[in-house]
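In what follows, a single structure is set out as structure tokens and then discussed.
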Amino acid sequence: MMGLRCPECVKVYDDLKSLRSHFIKSHRQNYCRFCNKQIKNDIMHFMMKKDDSHFLYLLLLRGLTWLPREERELAQALIEKMLFDGRRR
426 MMGLRCPECV
436 KVYDDLKSLR
446 SHFIKSHRQN
456 YCRFCNKQIK
466 NDIMHFMMKK
476 DDSHFLYLLL
486 LRGLTWLPRE
496 ERELAQALIE
506 KMLFDGRRR
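The numbering of the sequence shown is my numbering, which starts it at 426 and goes up by one.
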């Protein structure tokens, strides 16, 4: 089975819901690994940045439902492009 790989560790999940749950529980912190600095509000920090890596982390924290429909499809494509794990489990 193929799935989505966590960007922080080697674990692979069958769907975005499972990956999000793991990511929030295991990897949410007050530190941005892209900017190398402490942050007070991770969601606000990731919303202000405009690159794909920050946006991916925002999607993992907030999910897709807050996005307009057209943007949800683009966000889903970004997730699949950046996190798709083609290895069989």
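Glycine included, each C-beta is placed from N, C-alpha and C at the ideal position.
Who are Phe509's beta bridge partners in DSSP? Leu429
State yes or no: is the C-beta of Arg524 within less than 7 Å of the C-beta of Asp510? Residue 524 is absent from the structure shown; the chain starts at 426 and stops at 514.
What does a CB cutoff of less than 6 Å around Ser478 pick up in its chain, not counting 5 residues either side in sequence? Phe459
Along the chain, which unbroken stretches of the beta strand (DSSP E) at least 3 residues long are found entirely within the segment 438-490? none
Does the Cβ of Leu499 have 16 or more other Cβ atoms within 10 Å, making it buried, or fewer, making it exposed? exposed
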